[in-house]
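As structure tokens, the structure follows; a few thoughts come after it.
Written out as structure tokens, the structure reads:
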């Protein structure tokens, strides 16, 4: 904690604190670099020198980071684990068959949207007005093409609408009624408001309304000192997936219902390329979950990629620097994979629903830091 | 052009092409770094070694990049130059008085929103439905706080609403009807649709509709091969400002009407932190203008900052790499300033309306590459 506090006092936002470390690493990289034939000084040169060959494919998934109580009822815990296991199996099998990473992350996030445990698709939180406004984004690391939607309310699977934005429109991000009109044009599956209903989310919204009434309209969200389990839990639950496929291409996808009791058409980090979602074959693929505003201001996803691509940090260290040193405890977490198949899953909350698998037989689901 | 074409064939998205150059630069930086006392190894360490002291403050502004004909009628050219000169004078005087950069960029962009020449505020382009949907963002490089709005249609000065999002809400980005509701709560100045009307923009919209009708509904924007002056000109015209103040703090602000004939609630790069707008005291402040989708996919603004902060490139070189090597000719341009007061204004279009001033007496307005 002291280290975190100290780092916040210094203007270390761009990792300048790590300059000397970076210089050391890069002096080493320079030596390595001179040994690489000139015509192969492309993206491979950024990978660790003499690294053993990584797995042929890799995938990580998340179902949100936040205050997840250790005394979570066993049945509830099992429901999470079952949903995550099914999603990870779906992704593992698809990658093993040789499917493209951008297809796989869409498929996996679609599954997690349909699972009522998570704050995305079915099970999304309620807005201030008692509606559901969903955000999603997908990015293809090979082409840097991306598609995203924000504030959709009738689309069963926002991630697939985001994919259609990527494939069928000249745009990246479509909002609100306009995104709904695009959904009309694309003929995607629509649902009524009741489809998204989950009693736990409704109750959380009612509690948020009651708190707001008690405390006055001023207290509108992040600035509150109230870090009750209720509220923190409601803020997290975003789902996401990142994958490396057999062809060496990366992709990321994220989907969320956003904040309980959100208002004013608030857009979080999920549909913002570089904040909650990012993929670039030259660096890594990232999907985030947490307090969206912090992720936007710190451009979390692309900052991790830049620390890998320009700062030449190993993936796990890049993710650690951003989550532990630039964000504050409780802000959230990320899953990320690079083109060596390395996976990092880093969070500064008590827990993060997550899973990881790769071609070398790794297959794990976890919630807290220890099993 | 050969160089550009070559760089696009390689996966050079994260500047991995520059690894060897980076290694060389960083080997030099390493030597410099070891000479810096440990307690000053903060953000100053990233600045050029032994650089002469820069100007006490600096500002750059833009009024859009695009196809700006050399035979622009003299009266029209003078109107642009007059508006840019007034905006730059406003910023120069405010910075000279010691005003904060975040206040100055808001003030300057507000002025440019009110000028009918530019595609922001009064003079904004028409959407497919004949409306105006305005986007704006502002970011404070000292705190990384940011505020942005997208799709507002009744707010006279979107940049000031974005500033209120920064100051008065816990959020970063508000969209559409929600942003309008926030404007209600804040009591900002509202205008009717006719306020934004400028005949040139109306005519451009009518031409776009006619083209669309002639060519069928498929041709919806970026993917068109049609690079007519009309269309290209209509796509550009965003306004922005970046500034360094006497206290050493950076800020950026950008405002736009987006694309002529846009539909589906399309959100461009302007309100996306890291794409069209970014400021970070540890690196630089950036405001972009051009094809928003390209700026989002390439996270243009934060990529320049990362090349400065992690890649240790000089500002002008960082901006050049991103605009000339990652984007394609015709995509747009940026203005950027770092904490030494260095200014770079780089574009890959025939022209960019722009201006720059600093405490050392620089004061210039330009449109094309040569005067």
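Protein chains in written order, with the working numbering: chain Y, 148 to 518; chain U, 148 to 518.
The beta-carbon is built from N, C-alpha and C at its ideal position, and this holds for glycine as well.
All values derive from a computational prediction rather than experimental measurement.
Bounds of the alpha helix (DSSP H) holding residue 443 of chain Y are 439 to 444. Counting the other Cβ atoms within 10 Å of the Cβ of residue 229 of chain Y gives fewer than 16, which makes it exposed. Neighbourhood of residue 325 of chain U in chain Y, by CB distance below 7 Å: 410, 411, 412 and 413, in chain order. Beta-bridge analysis with DSSP links residue 337 of chain Y to Y/302. The alpha carbon of residue 515 of chain Y has as its nearest neighbour, out of Y/492, Y/332, Y/245 and Y/386, the alpha carbon of Y/492. In the assembly as shown, residue 425 of chain U is a buried residue. Its beta-carbon has 16 or more other beta-carbons within 10 Å. Contact of residue 443 of chain Y with chain U is assigned, a C-beta pair being separated by under 8 Å. With respect to chain U, the C-beta atom of residue 292 of chain Y has a partner C-beta closer than 8 Å.
The stretch 300 to 307 of chain U makes contact with the stretch 325 to 341 of chain U; the number of CB pairs closer than 8 Å reaches 3 or more. Contact between the stretch 241 to 261 of chain U and the stretch 438 to 447 of chain U is absent, with fewer than three C-beta pairs closer than 8 Å.
Looking from the CA of residue 227 of chain Y, the closest CA among Y/501, Y/509 and Y/505 belongs to Y/501.
DSSP places residue 479 of chain U inside the beta strand (DSSP E), whose first and last residues are 479 to 485. Straight through space, the alpha carbons of residue 432 of chain U and residue 242 of chain U are spaced by roughly 15 Å. Ranked by how close their Cα comes to the Cα of residue 355 of chain U, the residues U/409, U/341 and U/309 have U/409 in first place. Interface criterion not met: the Cβ of residue 248 of chain U is under 8 Å from no Cβ in chain Y. A straight-line Cα-Cα distance of about 15 Å links residue 452 of chain U and residue 448 of chain Y. For residue 440 of chain U, a Cβ of chain Y is located within less than 8 Å of the residue's own Cβ. Within the same chain, and ignoring the five residues on either side of residue 258 of chain Y in sequence, the residues whose Cβ sits closer than 6 Å to its Cβ are 234 and 237. Nearest CB-CB separation between residue 385 of chain Y and chain U: not below the 8 Å threshold.
Only exposed fits residue 314 of chain Y, as fewer than 16 other CB atoms lie within 10 angstroms of its CB. Chain Y has no Cβ within less than 8 Å of the Cβ of residue 313 of chain U. For the pair of segments examined, the stretch 343 to 354 of chain U was found to touch the stretch 262 to 281 of chain U: the number of CB pairs separated by less than 8 Å reaches three.
The secondary-structure analysis by DSSP pairs residue 357 of chain Y with nothing; it has no beta-bridge partner. Boundaries of the beta strand (DSSP E) harbouring residue 283 of chain Y: 281 to 287, taken from the DSSP string.
Taking C-beta separations shorter than 7 Å and ignoring five residues to either side along the sequence, the partners of residue 202 of chain U in its chain run 488, 505, 506 and 507, following chain order. Using a Cβ distance threshold of 8 Å, residue 387 of chain U and residue 482 of chain U count as a contacting pair. For residue 305 of chain U, no Cβ of chain Y is located within less than 8 Å of the residue's own Cβ. Any Cβ of chain Y closer than 8 Å to the Cβ of residue 321 of chain U would place that residue at the interface, and such an atom is present.
As DSSP reads the structure, residue 208 of chain Y sits in a beta bridge with Y/388 and Y/502. Annotation for residue 292 of chain Y: 286 and 313 place their beta carbon closer than 8 Å to its own, counting only its chain and skipping 5 residues before and after. The C-alpha of residue 436 of chain Y lies about 8 Å from the C-alpha of residue 417 of chain Y. Within 10 angstroms of the beta-carbon of residue 510 of chain U lie fewer than 16 other beta-carbons, which makes it exposed.
The three-state reading of DSSP puts residue 267 of chain U in coil, since its state is none of H, G, I, E or B. Comparing alpha-carbon positions, the option among Y/220, Y/362, Y/455 and Y/263 lying closest to residue 347 of chain Y turns out to be Y/263. The beta carbon of residue 465 of chain U sits closer than 6 Å to the beta carbons of 451, 454 and 455 from its chain, once the five residues preceding and following it are set aside; these are given in chain order.
Taking 9 Å as the Cβ-Cβ cut-off, the stretch 413 to 430 of chain U approaches chain Y at 413, 414, 415, 416, 418, 419, 420, 421, 422, 425, 427, 428, 429 and 430, given in chain order.
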